[in-house]
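Participant:
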Amino acid sequence: MAKSDNLLKLPSRVHYLKRVENLISNLSSHYKISIEAKEKISLAVLEAVNNAMQHGNKHDHRKNVTIRFQVSETCISCVIKDEGEGFDFLCIPDPTLPENIEKINGRGVFLMNHLADSVHYSAEGRHVKMVFKL
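Numbers 21 to 154, taken from the working numbering, label the letters of the sequence shown in order.
1) What three-state label does DSSP hand His79 in the structure shown?
2) Counting C-beta neighbours from all protein chains within 10 Å, is the total for Lys101 16 or more, i.e. buried, or is it exposed?
3) Within 6 angstroms: the Cβ of Gln90 and any heavy atom of the ligand SAM?
4) Apart from the five residues just before and just after Met21, which ones in its own chain have a Cβ nearer than 6 angstroms to its Cβ?
5) Are the beta-carbon atoms of Arg146 and His81 separated by less than 7 angstroms?
6) Report all residues from its chain with a CB closer than 7 angstroms to the CB of Ala64; omit the five preceding and five following residues, and keep chain order.
7) Does the Cβ of Ser49 have 16 or more other Cβ atoms within 10 Å, making it buried, or fewer, making it exposed?
Rendered as structure tokens:
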């Protein structure tokens, strides 16, 4: 399988999440990615894109979120970039602690970290790269 690169650039509006979901489905079908891997990738990437739109770009539709997938024989990686201020990715509250259990928000990064094989932030939290082994 040759390495493939797929790019999607979207305004920060949640109804565009469906385009991300469709791209993941198309990539999964094309590269014969297992249903289990597709579901992990989909949930983690949708969380990251939603976070970029909501927290990064503050739902400012003039700001974009860029999603780049790279597929190889052994893994699929996804880089999500927003145009926001960034955030301190080292100080994220643990949603499993008793004081956070009933909070409505705060589970996206936790899910991303548990679903991806690796998660790396850069550009002061404006970029996140997730890698999923196939």
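Where is the CB? At the ideal position from N, CA and C, for every residue including glycine.
Facilitator: If we stick to the structure as given:
1) coil
2) buried
3) Annotation note on the ligand SAM: not contained in the displayed structure, which lists no ligands.
4) Any reading at Met21 is ruled out, since the residue's pLDDT is 47, under 50, leaving its predicted position unreliable.
5) no
6) Leu131, Met132, Leu135, Ala136, Met150
7) exposed
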